[in-house]
Amino acid sequence: MPGDERYAEDTATWNLAHTHRPAVVVGAACVADIQAAVRFAHAHNLATAVVATGHGAVLPADGAVLINLRRMDTVVIDADRRRATVGPAVEMQSLVDAAAAEGLAPLTGSSPNVGVVGFTLGGGLSPVLGRAHGYAADHVRSAEIVTADGELRTIDAQTEPDLFWAIRGGKGNFGVITSLTIDLFPVTRLYGGGLFYGGGHVGPVLNAYRKLAADAPDELTVSFAFLRLPPLPFVPMPLRGRFAVHVRVAYLGSATDGERLVADLRAAAPPLIDSVVEMPYSAVASIHADPVDPVPAYEVGCLLSDFPEKAADALVAAVGPGIDTPLVMIEVRQLGGALAREPRTPNAVDNRDAPFQLFAATVGAPGMEAAFWPALSQVVDTLAPWVTGRKQVNFLTAYDTTPEAVEQAYDPATYARLARIKAAYDPGNLFRINHNIPPRD
Numbered sequence: 002m003p004g005d006e007r008y009a010e011d012t013a014t015w016n017l018a019h020t021h022r023p024a025v026v027v028g029a030a031c032v033a034d035i036q037a038a039v040r041f042a043h044a045h046n047l048a049t050a051v052v053a054t055g056h057g058a059v060l061p062a063d064g065a066v067l068i069n070l071r072r073m074d075t076v077v078i079d080a081d082r083r084r085a086t087v088g089p090a091v092e093m094q095s096l097v098d099a100a101a102a103e104g105l106a107p108l109t110g111s112s113p114n115v116g117v118v119g120f121t122l123g124g125g126l127s128p129v130l131g132r133a134h135g136y137a138a139d140h141v142r143s144a145e146i147v148t149a150d151g152e153l154r155t156i157d158a159q160t161e162p163d164l165f166w167a168i169r170g171g172k173g174n175f176g177v178i179t180s181l182t183i184d185l186f187p188v189t190r191l192y193g194g195g196l197f198y199g200g201g202h203v204g205p206v207l208n209a210y211r212k213l214a215a216d217a218p219d220e221l222t223v224s225f226a227f228l229r230l231p232p233l234p235f236v237p238m239p240l241r242g243r244f245a246v247h248v249r250v251a252y253l254g255s256a257t258d259g260e261r262l263v264a265d266l267r268a269a270a271p272p273l274i275d276s277v278v279e280m281p282y283s284a285v286a287s288i289h290a291d292p293v294d295p296v297p298a299y300e301v302g303c304l305l306s307d308f309p310e311k312a313a314d315a316l317v318a319a320v321g322p323g324i325d326t327p328l329v330m331i332e333v334r335q336l337g338g339a340l341a342r343e344p345r346t347p348n349a350v351d352n353r354d355a356p357f358q359l360f361a362a363t364v365g366a367p368g369m370e371a372a373f374w375p376a377l378s379q380v381v382d383t384l385a386p387w388v389t390g391r392k393q394v395n396f397l398t399a400y401d402t403t404p405e406a407v408e409q410a411y412d413p414a415t416y417a418r419l420a421r422i423k424a425a426y427d428p429g430n431l432f433r434i435n436h437n438i439p440p441r442d
């Protein structure tokens with residue numbers, strides 16, 4: 002409780018922009034702890050929030066029951082069936098390493114310390130395997146979940162199929178996931194890394210990027226980011242205190258074919274750093290090199306219907322080299338391929354038709370949401386002719402907590418079905434400190 006010795010430690014999140022001040026925090030070590038916490042919250046009419054790795058914090062859990070899952074981080078690999086069963090707080094790199102020991106790989110995001118469960122239930126966009134295999138949510142086999150009544154349910158496509166459909170895309174709205182069983186893939190290596198260019202070459206680099214993305218096979222994923230990194234020791238020397246274009250490459254084919262595919266990109270300009278090489282799958286986090294230490298982060302994201310030359314020019318004019326902006330990163334991710342196809346087992350992940358995603362982020366002190374909003378919203382406004390008006394669940398941010406904003410992640414029929422299932426399993430909206438889907442009969 003507030004004032005107790007470990008209260009600050011067990012309420013801490015990865016995104017330091019958000020501080021939780023719950024009425025009580027429960028450090029769960031087993032499923033029974035979670036059930037007890039949920040039943041206590043239900044009995045006292047208190048909202049229930051969950052923290053695992055802390056990446057998904059978007060609202061303060063003030064006055065709530067906060068369940069800290071960080072002690073539940075078990076990974077079990079079933080190599081014969083190519084599956085993994087993970088606890089609710091397993092970090093992505095832990096799963097990657099455990100699967101790699103068996104010659105297998107999960108669908109991973111760009112960050113090594115994001116939680117596997119939160120990543121997967123929010124869709125799970127992999128910048129390495131996604132275009133070849135779809136979303137991580139498409140490859141969930143079963144789950145165990147504590148619902149608002151405190152009951153532990155084991156669900157899959159045959160057992161409570163509505164709830165199983167809803168959690169895959171509905172994220173934390175339906176209960177506390179205590180374990181998740183997911184598919185693994187026989188991937189041990191790839192050709193990938195980053196190409197960093199100075200701001201003076203942004204035009205030819207983006208032209209080469211767009212051409213490569215337009216003709217890319219499903220085994221290739223390319224994205225780019227405008228970076229403004231500080232002149233600090235942890236930043237590689239060529240990138241300190243300057244604008245740079247970071248093109249990320251992940252190719253599942255041979256290194257020879259990969260070199261041929263990115264040849265024009267390499268020839269577009271002399272790179273400051275070229276780290277694109279043959280690598281073990283266990284090193285995929287090095288491609289994006291996302292920050293791993295906790296920071297106060299402020300972000301926006303949206304889906305794009307296209308990224309033509311006019312869009313690239315508009316982005317450069319608004320936030321390219323020489324422009325004064327507090328934004329640290331503006332990225333465009335390539336989607337398409339298997340990400341655009343419906344899965345064999347349907348789920349609530351929508352908006353699959355967009356070929357690109359825009360994401361922008363910056364770092365500052367806590368409480369700077371209003372200060373950074375003009376710069377973040379400007380990026381979206383700049384690309385307004387190509388913004389679809391839809392979003393992905395995992396890229397909803399702290400600026401997207403209204404019901405209208407959450408609805409942008411779903412088709413109307415999907416959202417209505419999610420609201421009905423919410424009414425069946427959480428009629429009192431116990432789980433509402435999130436991108437909330439209110440119950441609706």
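Numbered continuously in this note's numbering, the sequence shown closes out at residue 442. All C-beta atoms, glycine included, are put in the ideal place defined by N, C-alpha and C.
By the neighbour-count criterion, in which 16 or more other beta carbons inside 10 Å mark a residue as buried, His-56 falls on the buried side.
Nearest in C-alpha terms to Arg-229, of all of Ala-349, Val-364 and His-19, is Val-364.
Counting only runs of 4 or more residues that sit fully inside the region 316-364, no alpha helix (DSSP H) segment turns up.
In terms of Cβ geometry, Ile-183 and Val-277 do not form a close pair [threshold 9 Å]. Here Val-147 is not near Tyr-198, since their CB atoms are 9 Å or more apart. Around the beta carbon of Gly-195, 16 or more other beta carbons lie within 10 angstroms, which makes this residue buried. Taking one beta carbon from each stretch, the region 359-378 and the region 397-405 have 3 or more pairs nearer than 8 Å; the two touch. If the five residues before and after Ile-156 are omitted, its C-beta is found closer than 6 Å to the C-beta atoms of Ala-144, Leu-164 and Phe-165, all from its own chain and listed in chain order. Boundaries of the beta strand (DSSP E) harbouring Ser-224: 221-229, taken from the DSSP string. Beta-bridge pairing by DSSP links Glu-279 to Tyr-192. Phe-235: not part of any alpha helix (DSSP H); DSSP gives it neither H nor E. Spanning the alpha carbons of Pro-404 and Pro-440 requires a straight line of approximately 12 Å. A buried status is given to Arg-169, since no fewer than 16 other beta-carbon atoms sit within 10 Å of its beta-carbon.
The C-beta separation of Ala-29 from Ile-68 comes to about 5 Å, placing the pair in contact by the 8 Å criterion.
In this structure, the beta-carbon distance from Leu-336 to Pro-356 falls below 9 Å.
Residue Arg-421 holds the alpha-carbon nearest to the alpha-carbon of Ala-167 among Asp-79, Arg-421 and Ile-434. For Leu-213, the enclosing alpha helix (DSSP H) covers residues 203-215. For Ser-95, the uninterrupted alpha helix (DSSP H) run begins and ends at 93-101, by DSSP. With a 10 Å radius around the Cβ and a threshold of 16 neighbouring Cβ atoms, Thr-415 comes out buried.
Looking at Leu-105, Val-91, His-134 and Ala-137, the one whose alpha-carbon comes closest to that of Val-115 is Val-91.
The alpha-carbon of Val-296 is positioned some 10 Å away from that of His-19. Residue state for Val-118 is assigned as helix, using DSSP reduced to three classes. Nearest neighbour of Phe-432 by Cα position, chosen from Leu-240, Val-97 and Thr-49, turns out to be Thr-49.
Judged by their CB atoms, Gly-110 and Ser-127 are nearer to each other than the 9 Å cut-off.
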